[in-house]
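In this note's numbering, the protein residues as written are 4 to 303.
Glycine is no exception: its CB is placed at the ideal position from the N, C-alpha and C atoms.
Just so you know, these numbers come straight off a predicted model, no measurement behind them.
Inspection log for the structure reproduced underneath, given as structure tokens.
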């Protein structure tokens with residue numbers, strides 16, 4: 004019976020335009036910002052590090068680079084780049100004031116921090132501005148192809164774009180129980196969270212960048228298991244990482260009754276762990292000379 008109530012409720016929210024917005028997702032991340040590095044980056048930072056390590060191989064440490072960190076979060080990536088390229092200028096953009104507060108503590112005053120939706124920021128950014136753009140775990144929150152198109156425009160010729168994001172099949176255990184959780188608490192749903200445009204796989208991910216003439220330097224896929232002694236600890240992890248940002252606005256997962264049911268549903272399925280599946284890639288905007296070579300080859 005609860006599912007019969009859920010579908011009409013979802014339809015009414017959609018038709019009424021009651022959709023989770025970027026500011027709502029920013030609020031979700033502000034809530035988890037004090038513990039974000041402990042709960043999420045404490046494990047997942049190794050993949051950020053791997054991506055940044057690959058990126059750094061193609062950059063000159065003595066150059067003063069203009070680096071843009073989109074959806075910068077606590078500034079983890081920017082701090083790593085700051086250490087590798089101390090002469091560079093860092094611009095961090097995030098819609099969450101809470102995350103940027105953590106970033107300021109991590110970076111001090113040696114960076115420009117901007118509270119903004121990343122797509123709005125890019126749309127107002129001048130052409131050929133940055134040498135490097137990084138976007139970690141967040142390109143899914145705005146239309147990815149629009150983000151990539153703008154990144155191509157604002158990057159200088161020969162500039163690099165590095166992106167890491169979850170694939171559609173990430174957190175399968177959570178995906179299994181979340182619809183049932185919604186059905187149990189239909190009356191508490193006030194906004195609709197639309198499905199996120201995560202890439203299906205590495206091939207689809209590479210295709211995003213090929214569409215805008217980026218040259219692939221390297222791309223890779225992988226996964227990270229998170230295992231806990233109990234279903235309750237898994238539930239605590241889920242609501243503390245930002246992994247369900249937006250979905251925790253559709254249904255407040257911190258509501259005691261909702262959280263208790265989340266624990267129960269996970270326990271009913273014997274879930275005490277979950278899996279983050281991801282892809283990352285480093286792509287280059289062709290330089291003027293590279294474009295000329297391509298044109299000559301195309302005309303031969």
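Nearest candidate by alpha-carbon position, reference residue i, set the options
| i | options | result |
| --- | --- | --- |
| residue 133 | 289, 15, 233, 68 | 68 |
| residue 159 | 290, 17, 179, 170 | 290 |
| residue 149 | 161, 162, 139, 126 | 126 |
| residue 151 | 235, 7, 284 | 284 |
Nearest-angstrom Cβ-Cβ length linking residue i and residue j, presumed shorter than 8 angstroms
| i | j | result |
| --- | --- | --- |
| residue 29 | residue 91 | Not confirmed; about 26 angstroms, so no contact. |
| residue 9 | residue 260 | Not quite, the Cβ-Cβ distance comes to about 17 angstroms (not below 8 angstroms), so this is no contact. |
| residue 3 | residue 50 | The chain is shown from 4 up to 303; residue 3 falls before or after that span and cannot be answered. |
Beta-carbon proximity list for residue i, same chain, < 6 angstroms, skipping 5 on both sides
| i | result |
| --- | --- |
| residue 173 | 279, 280 |
| residue 137 | 72, 80, 165 |
| residue 105 | 36, 77 |
Which of helix, strand or coil DSSP assigns to residue i
| i | result |
| --- | --- |
| residue 224 | strand |
| residue 154 | helix |
| residue 48 | helix |
| residue 23 | coil |
| residue 190 | helix |
| residue 28 | helix |
| residue 259 | helix |
| residue 92 | strand |
| residue 284 | strand |
| residue 162 | strand |
| residue 276 | strand |
| residue 246 | coil |
| residue 115 | strand |
| residue 4 | Any reading at residue 4 must be qualified, since the residue scores a pLDDT of 46, below 50, and its modelled position is unreliable; no value is offered. |
| residue 148 | helix |
First through last residue of the beta strand (DSSP E) which encompasses residue i
| i | result |
| --- | --- |
| residue 41 | Per DSSP, residue 41 belongs to no beta strand (DSSP E) and is neither H nor E. |
| residue 206 | Looking at the DSSP string, residue 206 is not in any beta strand (DSSP E); the run it does join, the alpha helix (DSSP H), is 205-213. |
Proximal residues to residue i (C-beta, below 7 angstroms), its chain only, five neighbours per side dropped
| i | result |
| --- | --- |
| residue 249 | 23, 27, 28, 31, 196 |
| residue 86 | none |
| residue 15 | none |
| residue 217 | 155, 164, 286, 287, 288 |
| residue 13 | 195 |
Same chain, Cβ closer than 8 angstroms to residue i, five either side skipped, listed in chain order
| i | result |
| --- | --- |
| residue 4 | Because residue 4 sits at a pLDDT of 46, beneath the cut-off of 50, its placement in the model cannot be relied upon, and the point is left open. |
| residue 254 | 184, 185, 188, 191, 192, 261 |
Residue span of the alpha helix (DSSP H) that contains residue i, given as start and end
| i | result |
| --- | --- |
| residue 125 | 121-126 |
| residue 1 | The structure shown does not extend to residue 1, since the chain spans only 4 to 303, so no value can be given for it. |
| residue 106 | 100-110 |
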